[in-house]
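Before any comments, here is the structure.
Residue numbers (this note's numbering), protein chains in the order written: chain F, 47 to 317; chain R, 47 to 317; chain X, 47 to 317; chain V, 47 to 317.
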């Protein structure tokens, strides 16, 4: 389209003489429908909450916010591990900057069978792809996985029963070869008293209750077991993990976190 | 599948002798991918937050929660105005109840052109379908529409400028013939100082700024203008409207609401 | 103070000829420090989120929003069951309206002993006072109480253990004589597998775990037991109750609710 | 009190042989009433959301969560810049750890006069005190300040009007001498098109509207101006600042952030 609009002042492009560069400027919390890769089905359509930023050198007054939305609109049908570097490079180029940051968070659904009756249902996981392009490309997968935890102390000291609750594990994972969100989620679910399901019939509920009681875990245990699982997952170079229990006997959470670097050189990867 | 699992006690089915019927029992805040009708494209895939309830007569101890998820899983690919009664009837039948309630809320995206440059972007609207099946079928569309409002008082008393802000209009609409979410959204957007966009280039920003300044509106004006628009919309029999301004000069909101019944007989409709 | 400011147009006071009265106009979500009554200590200082509305007759363009904040500022040190009617009347008078609505929601803390060691801690409850003044005065107490629930079905069908979780009960209570928030909260806490605490030492944790296992309750049971408790509470004329379990084996909630009127005449009370 | 309870297994104290130390374990999102310092009135009572963590060496299975609540209960009446190191040291000692972390976030109210009529109202600011004790003591003040921003581009290119909106500035500040929250808030409010108020009469609204129109600012300008203000504030050694505009013409935010270290040695201070 030939731009035939009358010229308007470009205020953002005006000089700024305060000598203060900004680390990030851009748009935050825009919701957009996107298509991501799905290990079982090829692709999955979902709705993302997106942040897009670039750096702003000290001599410029502002950035051009509308260009972020234009880029998002162009690439929304293929936002995934393989295209992330390309989108970030496009941001750097179109915004004429040295650094670009992209954070895409979305609900992701996996079809799951109940453990005994094999009844099918879809489970929601909170997932994300976060990346930065400077001279190098840095990227991480993010997952938020609901779990069940039975308290080992409560089980040990009580004559019967044991308090348990819904918990949530959040993991951020850097990697140096292609990695499925599904594989990270699987490692996290293994590190729980029991995984959770969208649909459970009574034989499933019996199974899940007994399995959880047999495997009591503190948030501390959950984090450590996730660490062991992620270290064993091919391609992982760095991770951070946190677990939060929405305690059933309190009105607050129990919390634990840690981080581990498996390959110092690979943290900023040219994936 | 032939159920070959050993018999387990059906605790929910046990009698309760407290003589207290419950109005609603069921599941709340389950997230599920769904497919809804789209006026421009036929269908749209999105992610819903769903509540499903039935009544519970006084003589039963509990309901069977897993059946709600099974029904949702079966119908998720066609949740819309035309199928809502069928899903609610299925809930009544499978849960053996006299009343069923279904609330499905989801982000909905409409492609929108910037007003001058015609740049394309997708705008998000919070939408919902809420319904109840007793002997009769009752249903409403729900929309949550972001708008811009310029304060008429501020414009009138100030020598230049006028405070304005993002606002949000929420409308609940009953109807007696098929109604598009898009048509309700259009009526709401007309009732603003300016509609909002996901992408605006500078000629668009000039247009939007000036248009909004020319049409200052209080939240009170917004609600009244939405009322006029919905009364003129074919098929609408009842509505409730509220407008909230996230005031730019305060840290709280300005608020207005009202409700109107256009057809007493049609409120509970056999649509 | 003598108002010596130059006259400015009163846009809100201008006529509107659309013939559309508004049910509520006012301010929403203003946060304010307030002082409420405390059964144990006389008074308690907390921070409220407040909504204040009046009706707007069809012939007026708008209301005067700043007056709501002025009234809140005057009365913030004594917002309670005894002063609510006075504040609402002040709103009606100062805003020159026929109806006034006031909703004040706040965290409320009660000192609580752990059940065995008697260790002291403060428990937070979400409380509220909601009222309307027309020709009559109508008011309700609102409480939001965290609880523990052990699943009766899971306990019955499992060889050991039982899934349990944090739940939340919300109750809205009308009354015809003075009623303490504390007394409503006590009735709700009794209707649980176990109440929850801010601090529990190991002997307490053993006690709470075993007590909860001995008293399994569905959300349906919780709501019915709250009903029985509130019916027996002196002064209560009407209530609505809902219970939500943040299921430990699912990523969604189980839900139940009902409502009961104990005294048709007393619902709108001249308290 | 002499502990006369029968001995119960101390599961948390059991060994763990996985060789994985945890960076933080503790409690999260506990709400508690606290008393903080107030520049105008001496002290202010408010309600905090609190996180308390310690590190967990690899050889221990878990931490003792109830001790955190006991410490909070003891110190809640004096949580401020002067007592923070003492509370953190108490956490280290009572939890037998090498590191302790404390995050206390709360609404904070300041009495403010409307700019022309001098009408009094209370403005809410989101404030926090965050600290860590290792061998050294590190602490920061956190403020979240609502502001108004008028868009410079919109003003420049439009024949009349200019879009403006509510924004929010968040700042994290390290310091090497006592610093009032009030003084940080004042610097942030200066860096806006206009500060916001809880109550404004019409002469104030005229003043605020015109002042804002005279001082248009992008989020980029806001962040840079806050930088200049904090650099000039006595005692500040490091800060991070972010500004977010809840755009009135979009349904997403404009965002900018940066960070600056003024005194490399003072960042971890023995204040």
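Every residue, glycine too, gets a C-beta built ideally from N, C-alpha and C. All of these numbers come straight from a predicted model, not from anything done at the bench.
Rounded to whole angstroms, how far is the Cβ of residue i from the Cβ of residue j, which I believe are closer than 8 Å?
i, j, result
"residue 167 of chain R", "residue 244 of chain R", "4 Å"
"residue 155 of chain F", "residue 90 of chain F", "7 Å"
"residue 214 of chain X", "residue 102 of chain R", "Wrong, their Cβ atoms sit about 19 Å apart, outside the cutoff."
"residue 255 of chain V", "residue 200 of chain R", "5 Å"
"residue 222 of chain X", "residue 281 of chain X", "6 Å"
"residue 97 of chain X", "residue 149 of chain X", "4 Å"
"residue 152 of chain R", "residue 93 of chain R", "6 Å"
"residue 174 of chain V", "residue 233 of chain V", "In fact, because the Cβ distance is near 16 Å, the residues do not count as touching under 8 Å."
"residue 300 of chain F", "residue 73 of chain V", "6 Å"
"residue 78 of chain X", "residue 113 of chain X", "Actually they do not touch by this definition, with Cβ atoms about 15 Å apart."
"residue 82 of chain R", "residue 125 of chain R", "6 Å"
"residue 54 of chain F", "residue 248 of chain R", "5 Å"
"residue 263 of chain X", "residue 198 of chain X", "7 Å"
"residue 179 of chain F", "residue 128 of chain F", "Actually they do not touch by this definition, with Cβ atoms about 15 Å apart."
Quick check on the DSSP output: the beta strand (DSSP E) that includes residue i runs from which residue to which?
i, result
"residue 155 of chain V", "146-159"
"residue 300 of chain R", "299-307"
I need the straight-line Cα distance from residue i to residue j, nearest angstrom please.
i, j, result
"residue 181 of chain X", "residue 297 of chain V", "41 Å"
"residue 80 of chain X", "residue 130 of chain X", "13 Å"
"residue 278 of chain F", "residue 287 of chain F", "15 Å"
"residue 290 of chain V", "residue 146 of chain V", "31 Å"
"residue 285 of chain X", "residue 105 of chain R", "21 Å"
"residue 47 of chain F", "residue 172 of chain F", "Any answer about residue 47 of chain F is weak, because its pLDDT of 47 lies below 50 and its placement is not dependable; what the coordinates show is given next. For residue 47 of chain F and residue 172 of chain F, the distance between alpha carbons rounds to 39 Å."
"residue 69 of chain X", "residue 283 of chain X", "26 Å"
"residue 196 of chain X", "residue 164 of chain X", "24 Å"
"residue 84 of chain X", "residue 216 of chain F", "40 Å"
"residue 257 of chain F", "residue 295 of chain R", "56 Å"
"residue 59 of chain R", "residue 109 of chain R", "7 Å"
"residue 211 of chain V", "residue 235 of chain F", "43 Å"
"residue 120 of chain V", "residue 246 of chain X", "15 Å"
"residue 116 of chain V", "residue 202 of chain F", "23 Å"
"residue 231 of chain R", "residue 218 of chain R", "11 Å"
"residue 136 of chain R", "residue 95 of chain R", "19 Å"
Could you pull the start and end residues of the alpha helix (DSSP H) that residue i belongs to?
i, result
"residue 207 of chain X", "Counting along the chain, residue 207 of chain X falls outside any alpha helix (DSSP H), and DSSP gives it neither H nor E."
"residue 274 of chain X", "265-277"
"residue 391 of chain F", "In this structure chain F extends from 47 to 317, so residue 391 of chain F is not present and cannot be described."
"residue 122 of chain X", "No alpha helix (DSSP H) contains residue 122 of chain X, which DSSP labels as neither H nor E."
"residue 137 of chain X", "130-140"
Given a threshold of 16 other Cβ atoms within 10 Å of its Cβ, counted over all protein chains shown, does residue i qualify as buried or as exposed?
i, result
"residue 271 of chain R", "buried"
"residue 65 of chain F", "exposed"
"residue 88 of chain V", "exposed"
"residue 317 of chain R", "Any answer about residue 317 of chain R is weak, because its pLDDT of 42 lies below 50 and its placement is not dependable; what the coordinates show is given next. Buried, since its Cβ has 16 or more Cβ neighbours within 10 Å."
"residue 157 of chain F", "exposed"
"residue 209 of chain X", "buried"
"residue 99 of chain V", "buried"
"residue 310 of chain V", "exposed"
"residue 292 of chain X", "buried"
"residue 107 of chain V", "buried"
"residue 260 of chain R", "exposed"
"residue 224 of chain F", "exposed"
"residue 194 of chain X", "buried"
"residue 51 of chain X", "exposed"
"residue 307 of chain X", "exposed"
With a threshold of 7 Å (Cβ to nearest heavy atom), would residue i be considered close to the ligand COA?
i, result
"residue 294 of chain R", "Among the components modelled here there is no ligand, and therefore nothing to report on the ligand COA."
* To do: Please go through the region 169-256 of chain R and give each complete alpha helix (DSSP H) segment of 4 or more residues, from N-terminal end onward.
  => 198-203, 227-236
* **alpha helix (DSSP H) runs wholly inside the region 64-117 of chain V, at least 4 long, in chain order** => none
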